[in-house]
Structures are given as C-alpha cells and as structure tokens.
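Visitor: Below is a structure I'd like to ask you about.
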Amino acid sequence: MKEDVESAPILELADVRLSFAGVTAIDGVSFGVRPNELFAVIGPNGAGKTSIFNVISGVYRPQEGRVTFDGTDLLGRRPHEIASLGVARTFQNVELFANLTVLDNLMLGRHQQLRYGALAGMAWLGRARKAELAARLAVEDIIDFLELEQWRRHTVGLLPYGVQKRVELGRALAQEPKLLLLDEPVAGMNLEETEDMARYILDIREELGIPMILVEHDMGLVMDLADRVLVVDFGVPIALGAPTDIRTDPEVIRAYLGEAS
Amino acid sequence: MTALLERGGRRGRRPRGRPLLHTSYKQDMALLDTPGKRRWLSALLVIAVLAPFMLTDDILQLLAVGFVASIGAIGLNIVTGYAGQISLGHAFFLAIGAYTAAAVSGDPDGKVIGFGVTSILVWLPLAGLAAALAGVIVAPLATRLRGLYLAIVTLGLVFLGEHIFKEWDSLTGGPGVGRPSAVPELFGIRLDEAGAYSKEQKLYLLMLVMLVLFAVLARNLMRSRVGRAFAAVRDRDIAAAIIGVDLRRYKLLAFAISSFYAGVAGALMYTVAGYFDPGSFNLLLSVQFIAMILIGGVATVSGSIMGAMFITLLPRITRELPGVLPFISSESKDTPNVFQVETVLYGLLIIIFLILEPRGLFGIWTRIRNYWKAWPFSY
Numbered sequence: 002m003k004e005d006v007e008s009a010p011i012l013e014l015a016d017v018r019l020s021f022a023g024v025t026a027i028d029g030v031s032f033g034v035r036p037n038e039l040f041a042v043i044g045p046n047g048a049g050k051t052s053i054f055n056v057i058s059g060v061y062r063p064q065e066g067r068v069t070f071d072g073t074d075l076l077g078r079r080p081h082e083i084a085s086l087g088v089a090r091t092f093q094n095v096e097l098f099a100n101l102t103v104l105d106n107l108m109l110g111r112h113q114q115l116r117y118g119a120l121a122g123m124a125w126l127g128r129a130r131k132a133e134l135a136a137r138l139a140v141e142d143i144i145d146f147l148e149l150e151q152w153r154r155h156t157v158g159l160l161p162y163g164v165q166k167r168v169e170l171g172r173a174l175a176q177e178p179k180l181l182l183l184d185e186p187v188a189g190m191n192l193e194e195t196e197d198m199a200r201y202i203l204d205i206r207e208e209l210g211i212p213m214i215l216v217e218h219d220m221g222l223v224m225d226l227a228d229r230v231l232v233v234d235f236g237v238p239i240a241l242g243a244p245t246d247i248r249t250d251p252e253v254i255r256a257y258l259g260e261a262s
Numbered sequence: 004m005t006a007l008l009e010r011g012g013r014r015g016r017r018p019r020g021r022p023l024l025h026t027s028y029k030q031d032m033a034l035l036d037t038p039g040k041r042r043w044l045s046a047l048l049v050i051a052v053l054a055p056f057m058l059t060d061d062i063l064q065l066l067a068v069g070f071v072a073s074i075g076a077i078g079l080n081i082v083t084g085y086a087g088q089i090s091l092g093h094a095f096f097l098a099i100g101a102y103t104a105a106a107v108s109g110d111p112d113g114k115v116i117g118f119g120v121t122s123i124l125v126w127l128p129l130a131g132l133a134a135a136l137a138g139v140i141v142a143p144l145a146t147r148l149r150g151l152y153l154a155i156v157t158l159g160l161v162f163l164g165e166h167i168f169k170e171w172d173s174l175t176g177g178p179g180v181g182r183p184s185a186v187p188e189l190f191g192i193r194l195d196e197a198g199a200y201s202k203e204q205k206l207y208l209l210m211l212v213m214l215v216l217f218a219v220l221a222r223n224l225m226r227s228r229v230g231r232a233f234a235a236v237r238d239r240d241i242a243a244a245i246i247g248v249d250l251r252r253y254k255l256l257a258f259a260i261s262s263f264y265a266g267v268a269g270a271l272m273y274t275v276a277g278y279f280d281p282g283s284f285n286l287l288l289s290v291q292f293i294a295m296i297l298i299g300g301v302a303t304v305s306g307s308i309m310g311a312m313f314i315t316l317l318p319r320i321t322r323e324l325p326g327v328l329p330f331i332s333s334e335s336k337d338t339p340n341v342f343q344v345e346t347v348l349y350g351l352l353i354i355i356f357l358i359l360e361p362r363g364l365f366g367i368w369t370r371i372r373n374y375w376k377a378w379p380f381s382y
C-alpha cells in the first residue's frame, strides 16, 4: 500500500461547486482517488454525496471546478461518454432494467465492450454472433463471482431487493470499469446481506483491483473497509483522512450529533 | 452426467424430455432454443407455404394483407414496444413508403408522378429508406419529449401528412381519386397479373417471404446489443446512459428502423388492392397499428404478427354480423353499421386487453404453453 499513497490519483475533483437555482448542493469539494484505493464519502442526509456521484458520471454539470479522470477532463461530457472512459456506478435506489432478465441486465453492462452495429445485429452472422458469445462468457464470470447462478433467467423486477443490489453491482462490473462508484450499496439490507456485500466489495478490490468510491450511511462498513474517508456537510467538505482520524474529528462529531449545548 | 453433457455440447443434442437443458451458450442463445419451437414453427411454415394451393383467392388476399400489416406492426413494436417511444405517426411513415414505391414504379406517362422502375428489388428498399429518412428527421423530437408529449407530436405528424397527401394531386391523385399502387415485378415476372398461378397466389407468397425475412431480422436485432439498448432506454433512460448507451443515437436508430419497416409495409400493402387513396393514411390507420401491438403483445415479434393477423381478419368477421344481429346494417349510410361496429371494436379490444391481458395474445399463448408444459400438474 505504501507506493499507492505516492502514486497519482486516477480521479481528481478540484474545487467543484454545484448549485440549483440558489441552493448550493456542492460547495468547493476537492479530493483525489488513488489507484486501488477504497475511498468513502460520508455525511448526513442531503449533504451532497449523491450529487458528487452525479457530477462525476455526467448527470449534473457543476458551475465551477474541475473533474479529471485518468488524464481526461470529464466536465461537459455526456454520461455515456464517461461510461466509455471506464467509470461505472450503482445507484442508491436500484436502477435496473426491471423487465429484463438478470442475464440481459448484465449483458447490457457490456454494451460498450460489444462493438457491432444494427445491421450486423440483424444479420447475426460471424461478427455479432462471436461478440455476443464472448460477452456471454464474460458475463458468466460475473454471475459466478457474485453468486447469481440461480437468478440468471429471472426478471429483475421480481427479485428480492438484496439480489437486485447485487445484480446492479454485477452490471457495473460487466463494464470492466477503471473506477467504480457505489452509492449506498448496503442501504436497506439486513445484517447478513450487508456482510455479503462487504465481502463482494473486498473481493472486487483484491481480485480485480478496481478503485472504488463508496457513499454509505453504515458507519461500521465505512470504517472497516475504507482507506480514506471524506466527510461532507451541506455540500462543504469538513474532514478528509483515515477512518481512525475521522472518528475522533470534532467537526465530524458536530455534524453528526449536533452542537453540544 | 458429465459424459452426457459433453456429448450434448459437442453434437448440440439434448437428452429427451429436457428441452431447456442447454449444454453450450450457442444453444442457449439460439433463436429457436427448444425442439418444440423448432417443430411447431416448421409445421406452421409448411402450412403457410401450402395454403395458396388450398385456399380461395379472397382468403389469400386477406392473409397477404395480414402478412404486410405484420411487417408494419413489427416496425411499430420496435419503436414503441422495444424502445418505449410512443408513436401515433405510423400511418405517416406507411404513406411515405407507399408513395415512394408507387412513384418509383409508376407509369411515366400516367396522370400521376411515375418513373417506371417496376422491380421490387429497387422500389422496396427505396420505400423503406425514404420512410427511414423521415423517421430520422422526426427522431430528435423523441430525445426532447417523452410519453404523452411525444404521442401528441407524432399525432400531429399524421394530420400534417394527411393534409399534404390530399393536396399533392400530382403525386397522390387527390382524395377520392387515388393512384395505382406500386407495380410488383420480380425478375421480369409481374406478380399482380394472373399467369400460371393466380395474382393472389403470387402476392401471397411474396408477402409470406417478406414477412419471414423481416421477422427474422427483427428477432435477431432484438437479441443483439442494439435490442437490449432499446429495452434499456425504455425501462430506465438515466441508467441506460450511465452504462454507456447513447440515448440520442438509440432513439434515432429505433425511429429509423421502425420507419423502414413501416415504409416497406406501406409499399407492399396496396399492391394487393392495386389502388390507394390519400385518405387512407389517417389516424384510424395509426390506431389500428397500435391495436395490433397491444392486442398481439408489446415487445414481441410473434405477438406483432398475431395482432396484425387478428386486426386484419376482424373486418371479415364483423361483416358477418348483420346475419346474426339484424339491427346492424351492412350499409355505411345506416346506423349502426358494421363499419362503426368495427371502429368501436378496435377501441374496446384495446381496453379489454390492457386491463385483462396486458401481454396480449402472446401472453395468452405463453399461458397455454405453460399450462401444457406442467400438465397434469397445476404448476
């Protein structure tokens, strides 16, 4: 881990400011995520955590600041372009394609990897067929990795919530991302499901070596998994550091517990 | 078991009674992935090919129109069923195809525009491309508008088109007059003139081949990355963009392909009757196509065909009504008449299917199939 600390960040946000008609959602947030780092963003409800994700993935366009990913400026790029650069994400409220099967959802994750056009698809000859077969093999690896075998053929909308969260993670992994954004991966899960998800996150890190940004309310999970933690409150960054330092930071305690009276 | 799997994988054969046991991804991804589907479809095709030698010409004519309508319905299902962009403008794209084909193949010395190129191989692709081009021009609206708003704008398209086609006498012959439809000629053989086989037999076979071709192309497209991207745009457009689907591009593609199908259907549809009037391309035609996909089954190719055949055969059934219910007249000047009953039925059927069987005839078929699959157990 020592050399990681020295290496250049893969994602860098510099002084990002985002406001909606006078309401400031993000107010001067700067941070960098290093390769193979598990970076966490925490903060009370409405602190702007998801807004940070939306800025990175191109859904929102900040008024000020810079977002650089892997040497490319992300600002002004549309979401699908950012996806093709290698940024994948999951959502706080599961955003799967509810009418499709688990398999199709995962295959959709490989949309960028498959490179053939509509006419080739219609003919379904050599190129398209071979590409689909290869994608299918890659997707099976993910099914195996996330233990989704029994759900493969099920329509996603009918699956239990915890499984849906896993499928969404699988779809992001199918993109072969260089950076993974996880928006509350264990929100609404029971203890067992949370532990499973934590294990998958650690596996992704160890086996696939993908840097991740984690937004999460489950403090136990964040403190156990994250290398560094950024705390935001009302869009303003109030602390950045190792989990052990964050825990004792007076500003953080004030934001979470309120002023001592 | 391992030996069995290996053998099955290599030869592509499966043990009896396990139609869903796939031993290779290739098998799993096949269009007809069970022996049952293969057997039934082959049987259906054999019957369809033999039909022209067994049925009367007027039934063949009806079926031929049904086949063409099926192509149009598949087209509408691509944009509305798969890609989720509600289009009421299908009649407009059908019209563009019909007039392009009629103009390209028309008599150069006739009263209306004609260039005299009668080969189907020329006018059919041109009709499709002209309609696809119109689709591409309309598509940017879909990237700005959603749901009901898009429906209203595409509705406007029908009225716009209806007006233009009624006024443009030199192309369309004007309302009440009309013009001859496209001249179907393939490898020097006129298909709309009786020869060794009757006109109906030849046209029926042409439409059958066209339907099979376009249905297979559509099925292939829908299991490809493009079809999945359509479904993604339909189900969750923001999530689709986040995983790398270019929304604008795929909405454009959906409209282009859908309109191509509509253009082809429009071009072929009136070759059966031989004549068509600019008044045909009205809202009712669009609604009929909506009815086809809703009754047949949204986002299914086979459902589109079932729905199109159903709606095409419906007038034939309502025409028999005056015999059973004497208060319904077969004259259009009386009320209530069979034509009114027909229009009411379209609406009623749409409502009934939406409430009782949203998956349409295809859904009913799946239910019957599943029942017999599990028989004699209830599940």
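So the protein lines, in turn, are chains A and B.
The first sequence: position 161 = 162 (the working numbering), numbered continuously.
The second sequence: position 283 = 286 (the working numbering), numbered continuously.
Beta carbons: idealized from backbone N, C-alpha and C, even for Gly.
On the DSSP letters alone, give me the boundaries of the beta strand (DSSP E) that E65(A) sits inside.
Guide: First-last of the beta strand (DSSP E) with E65(A): 65-70.
Visitor: Can you tell which of F380(B), I354(B), P281(B) has its C-alpha closest to the C-alpha of L163(B)?
Guide: Closest option to L163(B), Cα to Cα, is P281(B).
Visitor: For R322(B), name the three-state secondary structure that DSSP assigns.
Guide: The answer is coil: DSSP assigns R322(B) none of H, G, I, E or B.
Visitor: Taking Cβ-Cβ distances shorter than 7 Å, what residues in chain B pair up with R90(A)?
Guide: Neighbours of R90(A) on chain B, chain order: I245.
Visitor: Check whether the Cβ atoms of I89(B) and I260(B) lie closer than 8 Å to each other.
Guide: Not in contact: I89(B) and I260(B) (Cβ atoms no closer than 8 Å).
Visitor: Since I believe L147(A) is in contact with Y201(A) (beta carbons under 8 Å), could you give me their beta-carbon distance rounded to a whole number of angstroms?
Guide: Yes, they are in contact, since the Cβ atoms of Y201(A) and L147(A) sit about 6 Å apart, within 8 Å.
Visitor: Under 7 Å Cβ-Cβ, which residues of chain B neighbour Q113(A)?
Guide: Here the neighbours are G247.
Visitor: Could you tell me the alpha carbon to alpha carbon distance between L250(B) and T146(B), rounded to whole angstroms?
Guide: Computed Cα separation, rounded: 7 Å.
Visitor: Within this structure, are the beta carbons of A294(B) and I77(B) separated by less than 8 Å?
Guide: Not a contact, by the Cβ cut-off of 8 Å.
Visitor: What residue does the alpha helix (DSSP H) around M32(B) start on, and which one ends it?
Guide: Per DSSP, M32(B) belongs to the alpha helix (DSSP H) from 28-32.
Visitor: Would you grab the beta carbon distance between V56(A) and L19(A) for me? Rounded to a whole angstrom, and I think it's under 8 Å.
Guide: Indeed they touch by this definition, with Cβ atoms about 6 Å apart.
Visitor: Which value, in whole angstroms, describes the spacing of the CA atoms of L104(A) and D36(B)?
Guide: Cα-Cα distance, rounded: 16 Å.
Visitor: Taking only the alpha-carbon atoms, compute the straight-line gap between E177(A) and V164(A) and give it to the nearest angstrom.
Guide: In a straight line, the C-alpha of E177(A) is about 20 Å away from that of V164(A).
Visitor: Using a C-beta to C-beta distance shorter than 9 Å, which residues of chain B count as neighbours of L101(A)?
Guide: Per Cβ cutoff of 9 Å: R231, A234, A235, D238.
Visitor: Suppose the cutoff is 6 Å on Cβ atoms and the five residues either side in sequence are ignored; what does the same chain contact list for A89(A) look like?
Guide: Here the set comprises A173, Q176, P178, L181.
Visitor: From M32(B) to L151(B), what does the alpha carbon distance come to, in whole angstroms?
Guide: Going from the Cα of M32(B) to the Cα of L151(B) covers about 35 Å.
Visitor: Would you mind giving the Cβ-Cβ distance between R35(A) and G59(A), rounded to the nearest angstrom? I have them listed as a contact below 8 Å.
Guide: Contact doesn't hold; Cβ gap of about 22 Å is too wide.
Visitor: Applying a beta-carbon distance threshold of less than 9 Å, which residues of chain A neighbour D223(B)?
Guide: According to the sequence displayed, residue 223(B) carries Asn and not Asp. Neighbours of N223(B) on chain A, chain order: G122, M123, A124, W125, A129.
Visitor: For the alpha helix (DSSP H) containing P244(A), name the first residue and the last one.
Guide: That run of the alpha helix (DSSP H) goes 244-249.
Visitor: Among the residues of its own chain, which have a CB less than 6 Å from the CB of W126(B), if the five just before and after it don't count?
Guide: Only A104, V107, S108, A185 meet the Cβ criterion.
Visitor: Can you grab the Cα-Cα spacing for the pair V180(B) / A133(B), in whole Å?
Guide: So the two alpha carbons sit approximately 24 Å from each other.
Visitor: Rounded to whole angstroms, what's the CA-CA distance from R228(B) to L115(A)? Just pull it up for me.
Guide: Each residue's alpha carbon lies about 7 Å from the other.
Visitor: How would you write the range of the alpha helix (DSSP H) that M213(B) sits in, first residue to last?
Guide: From DSSP, the alpha helix (DSSP H) with M213(B) extends over 202-225.
Visitor: Grouping DSSP H, G and I as helix and E and B as strand, with all else coil, what is E4(A)?
Guide: With a pLDDT of only 47 at E4(A), under the threshold of 50, the placement of this residue in the model should not be trusted; the figure read from the coordinates follows. Residue state, collapsed to three classes: helix.
Visitor: Would a check of beta-carbon distances place M108(A) closer than 8 Å to chain B?
Guide: M108(A) counts as touching chain B.
Visitor: Determine the extent of the beta strand (DSSP E) in which I53(A) is found, giving its start and end residues.
Guide: Here I53(A) belongs to no beta strand (DSSP E); instead the alpha helix (DSSP H) covers 50-57.
Visitor: Am I right that E150(A) and I144(A) are in contact with their C-beta atoms under 8 Å? What's the rounded C-beta distance?
Guide: That belief holds up - the Cβ atoms of E150(A) and I144(A) are roughly 6 Å apart, short of 8 Å.
Visitor: Given a threshold of 16 other Cβ atoms within 10 Å of its Cβ, counted over all protein chains shown, does K50(A) qualify as buried or as exposed?
Guide: Buried, because 16 or more other Cβ atoms sit within 10 Å of the Cβ of K50(A).
Visitor: Rank F21(A), N46(A), P63(A), N37(A) by C-alpha distance to the C-alpha of A15(A) and give the top, closest one.
Guide: Nearest of F21(A), N46(A), P63(A), N37(A) to A15(A), Cα basis: P63(A).
Visitor: In the DSSP output, what is R130(A) paired with across the bridge?
Guide: DSSP output for R130(A) lists no bridge partner at all.
Visitor: Measure the alpha-carbon distance for R167(A) versus E96(A) and round it to whole angstroms.
Guide: Taking the straight line from one Cα to the other gives about 12 Å.
Visitor: Strictly below 8 Å CB to CB, what residues from chain B border R62(A)?
Guide: Those do not exist, as R62(A) stays about 14 Å from chain B at its closest Cβ, beyond 8 Å.
Visitor: Fully enclosed by the stretch 5-33 of chain A, which beta strand (DSSP E) runs are 3 residues long or longer?
Guide: DSSP runs (the beta strand (DSSP E)) wholly in the stretch 5-33 of chain A: 12-21.
Visitor: Taking the alpha-carbon positions, what's the T249(A) to V223(A) distance?
Guide: Approximately 15 Å, taken between the alpha carbons.
Visitor: Assuming I298(B) and L364(B) form a contact by the criterion Cβ under 8 Å, report the distance between their Cβ atoms to the nearest whole angstrom.
Guide: Correct: roughly 6 Å between the Cβ atoms.
Visitor: Beta-carbon of E96(A) versus every beta-carbon of chain B: anything under 8 Å?
Guide: Taking Cβ atoms only, chain B reaches closer than 8 Å to E96(A), which makes this a yes.
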